[in-house]
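Here is the structure we will look at.
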Amino acid sequence: MLHLLKIDLKKLMNYRTFWVVCGLYFITLAFVTASGMEFLKLLARMIEGFGASININRIPLYHFPDVWLNLIWFCGCFKVVLAIMVVISVTNEFSYRTLRQNIIDGLSRSQFLWSKILTNVLLSLMSVAMIFVIGLVTGLIYSPSAVYEYILTDTEFFIAYFLEIFFFLSFALMISILIQRSGLTIILLLLSQMIEWIITANIDDQLPWIEHFFPMKSIWYLIEFPYMRYGFQEIKDYIDIKLFLIAAGWTAVFNYVSYLKLKKSDI
Amino acid sequence: METVLSISNLTKDFGRLRAVNNLNLEVKAGQVFGMLGPNGSGKTTTLGMLMGVINPTAGEYRWFGETPTHHLRKKIGAVLEHPIFYPYLSGQKNLELNSMIKECSAANIPKVLELVELTERKDDKYKTYSLGMKQRLAIASALLNDPTVLILDEPTNGLDPMGIAEIREIIKKIASSGKTIILASHLLDEVQKVCTHFAVLKKGTMVYSGPVDDVGKGSETVEVNADVENLNEVLLAFTGTSSINRDNGLYQVTLRDGFHSKDLNKFLVEREIVATHLITRKKSLEKQFLEILAEAR
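Sequence lines, in order, name chains A and B.
Per the working numbering, the first sequence starts with residue 788, numbered consecutively.
Per the working numbering, the second sequence starts with residue 189, numbered consecutively.
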């Protein structure tokens, strides 16, 4: 298994585009998450009365345990960048025809798929690790009290975050294998969330319960927009097992569809 | 001699088009097997099926007597149609990646690069290579695992004459070391020089299969010229003449069975005619190939 991951990493490590895109992803992630307080100060300057009625220093943006969910939700929006990298990597194999040569040289189709899936797992793990480190550091800087209980509360959301990234990368892998052209795949990837919104908005009246079963929506509800709690509204600060299973199920479906398509087609 | 490859009733349909039709073939160890046929006759499709990239519609094939798996493919080196590599990787890195896929040691790499004479350019990106270098890298990559079988699909495609000669030498060298080679080519001259057996495909069906040596058998053709005026009549008078063809100032005499060029030479000498040009031509593969294709219509 590790051997397959090494094969895929050898293809990527020497590819400049990979370093540029992943570099952008991680650097942007780091900068943006670290400048949360600056953002609030910006809001205070822009919106009248924002700084007066709420003392921005008292908004527990980076305080444990809130910091985890705040950062995780926000960073979830950047997963598109990683997904585009996966799309480029997989559609390259089709356009250069190197997938064909890999099979001729002795890689089986399922081994090829596993090498791509393992890269997705690695990227997801690295994202989790990155957020964990940033959250820990900013939390220690801004938190009034570094009590272990508080630090470790809500860290179960990292499992949901890992699933969120891996889910989206599996989705990107699947449509790359189905469409095989990078431009069209990226467009579909970017629009997938919107397409789902449109579909669910239309059938929501007739079948309200089905909304949670759509793939993108299940992730959307899994990790909810957490900032409303600062407006004194309640949010979901636990992981809903039902949504988790739905998202995990969709991830398995995406990878299985990738496998079937590879198995069946002439390369 | 053990059978390296056996194909039985292999068929491939692309929608309504039957690209390969009930192919039956056997290749034994140590043979250099030529697959010939016009464009679109199913050679590359067949090789694709043998290498696992195209799924057969029906029929089966066996490598070394076993049902094919991807592990077996690691022991076979193949170049199908065009060389395919990662353009942003260097030649060396491409071969390293290949050795990881084939699960063989990277220590073979300098050796194969030496064989195809690409050692100076090994650290340059693949996209900077000329076509000849790309073809040579492909052959190097096929030889990486020291395979027992080598499949070359039109290896001299697009090469200049020097490149063609180089590839021919490489193939001859490999063939003499006892490896089995399956060669699909349009250069019938090359095939006749290098191959031991050949098969002809037309529109997906195999229309002929046999040893290359058999091609040369049968009637001899002698090209002759001499400094006499009535050479035509003289040649017609020879009992061994079956037919005469005048081509480029030379007389091509097709001899009857049992007559050889030395008989014609003796005949001319008896008449005190000294030949200025006397060459025995074996029947060319090209001629037989075109005959086979014409018959199969």
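Don't be surprised by glycine CBs; every beta carbon is placed ideally from N, CA and C.
Residue i at chain A interface by Cβ criterion, 8 Å
i: residue 242(B); result: yes
i: residue 266(B); result: yes
i: residue 274(B); result: yes
i: residue 281(B); result: yes
i: residue 258(B); result: yes
i: residue 285(B); result: yes
i: residue 189(B); result: no
i: residue 277(B); result: yes
Residue i versus residue j - alpha carbon distance
i: residue 208(B); j: residue 202(B); result: 9 Å
i: residue 352(B); j: residue 377(B); result: 12 Å
i: residue 916(A); j: residue 948(A); result: 11 Å
i: residue 414(B); j: residue 892(A); result: 57 Å
i: residue 193(B); j: residue 1050(A); result: 24 Å
i: residue 391(B); j: residue 223(B); result: 13 Å
i: residue 229(B); j: residue 204(B); result: 15 Å
i: residue 859(A); j: residue 1010(A); result: 8 Å
i: residue 444(B); j: residue 463(B); result: 20 Å
i: residue 366(B); j: residue 309(B); result: 29 Å
i: residue 937(A); j: residue 925(A); result: 14 Å
i: residue 984(A); j: residue 332(B); result: 52 Å
i: residue 286(B); j: residue 259(B); result: 14 Å
i: residue 312(B); j: residue 399(B); result: 42 Å
i: residue 906(A); j: residue 871(A); result: 14 Å
i: residue 834(A); j: residue 816(A); result: 26 Å
i: residue 1030(A); j: residue 823(A); result: 29 Å
i: residue 864(A); j: residue 856(A); result: 13 Å
i: residue 792(A); j: residue 899(A); result: 10 Å
i: residue 940(A); j: residue 853(A); result: 9 Å
Span of the alpha helix (DSSP H) around residue i
i: residue 326(B); result: 319 to 330
i: residue 920(A); result: 896 to 929
i: residue 848(A); result: Premise fails: residue 848(A) is in no alpha helix (DSSP H) and is neither H nor E.
i: residue 785(A); result: Chain A is shown only over 788 to 1054; residue 785(A) falls outside these bounds and no answer can be derived.
i: residue 1008(A); result: 1002 to 1009
i: residue 946(A); result: 944 to 966
i: residue 790(A); result: 789 to 800
i: residue 247(B); result: Unbroken run through residue 247(B) is the beta strand (DSSP E), 246 to 251; no alpha helix (DSSP H).
i: residue 353(B); result: 349 to 364
i: residue 806(A); result: 803 to 821
i: residue 298(B); result: 297 to 304
i: residue 933(A); result: Looking at the DSSP string, residue 933(A) is not in any alpha helix (DSSP H), and its letter there is neither H nor E.
i: residue 475(B); result: 473 to 483
Best match in the options for proximity to residue i [C-alpha to C-alpha]
i: residue 799(A); options: 940(A), 995(A), 880(A) and 894(A); result: 880(A)
i: residue 962(A); options: 817(A), 1041(A) and 826(A); result: 1041(A)
i: residue 334(B); options: 384(B), 299(B) and 194(B); result: 299(B)
i: residue 329(B); options: 346(B), 273(B) and 239(B); result: 273(B)
i: residue 912(A); options: 1003(A), 950(A) and 882(A); result: 950(A)
i: residue 373(B); options: 317(B), 339(B), 424(B) and 196(B); result: 339(B)
i: residue 382(B); options: 218(B), 196(B), 431(B) and 310(B); result: 218(B)
i: residue 1043(A); options: 901(A), 805(A), 1010(A) and 986(A); result: 901(A)
i: residue 888(A); options: 319(B), 240(B) and 316(B); result: 240(B)
i: residue 851(A); options: 988(A), 923(A), 1031(A) and 1034(A); result: 923(A)
i: residue 454(B); options: 481(B), 412(B) and 483(B); result: 412(B)
i: residue 423(B); options: 458(B), 337(B), 336(B) and 346(B); result: 458(B)
i: residue 449(B); options: 289(B), 297(B), 465(B) and 271(B); result: 465(B)
i: residue 212(B); options: 304(B), 197(B) and 225(B); result: 197(B)
i: residue 270(B); options: 319(B), 250(B), 284(B) and 282(B); result: 319(B)
i: residue 396(B); options: 253(B), 261(B) and 225(B); result: 225(B)
i: residue 874(A); options: 973(A), 819(A) and 1028(A); result: 973(A)
Opposing strand residues paired with residue i [DSSP bridges]
i: residue 440(B); result: 411(B) and 433(B)
i: residue 198(B); result: 211(B)
i: residue 340(B); result: 267(B) and 371(B)
i: residue 975(A); result: Answer by DSSP bridge pairing: none, since residue 975(A) is not bridged.
i: residue 191(B); result: 216(B)
i: residue 313(B); result: 278(B)
i: residue 463(B); result: 414(B)
i: residue 468(B); result: 410(B)
For residue i, the first and last residue of its enclosing beta strand (DSSP E)
i: residue 266(B); result: 264 to 267
i: residue 873(A); result: Looking at the DSSP string, residue 873(A) is not in any beta strand (DSSP E); the run it does join, the alpha helix (DSSP H), is 866 to 882.
i: residue 394(B); result: 393 to 399
i: residue 386(B); result: 385 to 390
i: residue 221(B); result: 220 to 224
Contact with chain B by residue i, beta-carbon distance below 8 Å
i: residue 1046(A); result: no
i: residue 1068(A); result: There is no way to answer for residue 1068(A), as the model of chain A reaches only from 788 to 1054.
i: residue 798(A); result: yes
i: residue 1054(A); result: yes
i: residue 828(A); result: no
i: residue 810(A); result: no
Neighbouring residues, chain E, relative to residue i (Cβ below 7 Å)
i: residue 289(B); result: Absent from the structure is chain E; the protein chains it does hold are A and B.
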